[in-house]
Amino acid sequence: MANRASPSGDFGTVAVPFSQLLLGSSDSRLAFLMPALPGATAAGITATLRVNNGVADDVRSVVVMPVVINLQGSIIVNWRSDMPSGATNPSPNPITAGQSATFAYTLRSAINMPASFTLSADIVNASTTVPVGLVSSIQFLNEAPLSGGGMGPGSEITDKTVQLGKDETRNIYVRIPQVPVSFAGATFQLRVTAGAGGLIGADARTFTENAGSRSPIRTSS
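Note that my numbering has the sequence shown beginning at -3, numbered continuously upward.
This is the structure we're talking about:
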């Protein structure tokens, strides 16, 4: 039976000695765990597999594919009700047409590996027409220290993505740069979503201009 299997390629040579062959290996069948191959990509890597039994070699060209680990767990988008003294959510409260409006959320991950989550926001179920370009103007902001103390909205998350670890909590802010004048007295629903690899978390909440926020309609998956 073979005493060594050695995948090789542009990455060099990686040896699998006899002692690492798995149960079930025989003169006609070799079973072993493929070592990590430097430079391997999601598309796989071509390697030369050399098997040696101490007397002769046999060589084959093989394509080695990476192990695919699917993202599992959950991502939760929570409306923040723990604002520091003097701060409101939304800000200002009530929301006023012609002014900006900022909304505070907490992202909570419970996933099997770090992931990059895409953030999105939408305005739906409005009692008036949503102006063209309003949704695309919505910004996502990091949390940062404020000059007067405490934490609040900071730099813009321009790529609308957030990196989260396996078990991480992150505060973010969503800002409508200018609530349309046409929204005076109108009701609308703001839906904020974070998603990655088939995992989606969302919060949907209804507001009335110049009347504060109503009870949330929350959805997550």
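All C-beta atoms, glycine included, are put in the ideal place defined by N, C-alpha and C.
In chain order, what residues of the same chain have a beta carbon less than 6 Å from the beta carbon of residue i, not counting five sequence neighbours either side?
i: residue 99; result: 86 and 170
i: residue 140; result: 150
i: residue 183; result: 123 and 204
i: residue 54; result: 47
i: residue 21; result: 27
i: residue 94; result: 177
Is residue i buried or exposed, if buried means 16 or more other CB atoms sit within 10 Å of its CB?
i: residue 65; result: exposed
i: residue 160; result: buried
i: residue 143; result: exposed
i: residue 180; result: exposed
i: residue 97; result: buried
i: residue 38; result: exposed
i: residue 148; result: buried
i: residue 158; result: buried
Quick one: what's got a C-beta closer than 8 Å to residue i's C-beta in the same chain, skipping five residues either side?
i: residue 194; result: 66 and 67
i: residue 117; result: 131, 134, 136, 170, 186, 187, 188 and 189
i: residue 156; result: 114, 115, 116 and 136
i: residue 127; result: 176 and 178
In whole angstroms, what separates the C-alpha of residue i from that of residue j?
i: residue 103; j: residue 200; result: 14 Å
i: residue 63; j: residue 18; result: 18 Å
i: residue 58; j: residue 51; result: 22 Å
i: residue 203; j: residue 73; result: 18 Å
i: residue 192; j: residue 35; result: 25 Å
i: residue 109; j: residue 30; result: 22 Å
i: residue 154; j: residue 43; result: 40 Å
i: residue 121; j: residue 145; result: 37 Å
i: residue 84; j: residue 162; result: 30 Å
i: residue 138; j: residue 89; result: 20 Å
Please identify the residue among the options whose C-alpha is closest to the C-alpha of residue i.
i: residue 75; options: 204, 159 and 166; result: 166
i: residue 175; options: 143, 152 and 206; result: 206
i: residue 24; options: 163, 106 and 49; result: 49
i: residue 11; options: 127, 33, 62 and 19; result: 33
i: residue 47; options: 36, 41, 28 and 173; result: 28
i: residue 125; options: 178, 91 and 101; result: 178
i: residue 61; options: 41, 45, 54 and 69; result: 41
i: residue 172; options: 91, 31 and 158; result: 91
i: residue 105; options: 69, 31 and 81; result: 69
i: residue 107; options: 164, 79, 78 and 128; result: 164
i: residue 77; options: 94, 101, 112 and 198; result: 101
Give every residue of the same chain whose Cβ lies closer than 7 Å to the Cβ of residue i, excluding the five residues on either side of it in the sequence, and list them in chain order.
i: residue 211; result: Its pLDDT being 47, under 50, residue 211 is placed unreliably by the model, and the measurement read from it follows with that caveat. So the list is empty, once near-sequence residues are dropped.
i: residue 56; result: 45
i: residue 79; result: 85 and 100
Quick one: give me the first and last residue of the beta strand (DSSP E) that residue i is part of.
i: residue 158; result: 157 to 160
i: residue 77; result: Careful: residue 77 lies outside any beta strand (DSSP E) and carries neither H nor E.
i: residue 45; result: 41 to 48
Check whether the Cβ of residue i sits closer than 7 Å to any heavy atom of the ligand FAD, and report yes or no.
i: residue 51; result: With respect to small molecules bound, the structure shown includes none, and the ligand FAD cannot be examined in it.
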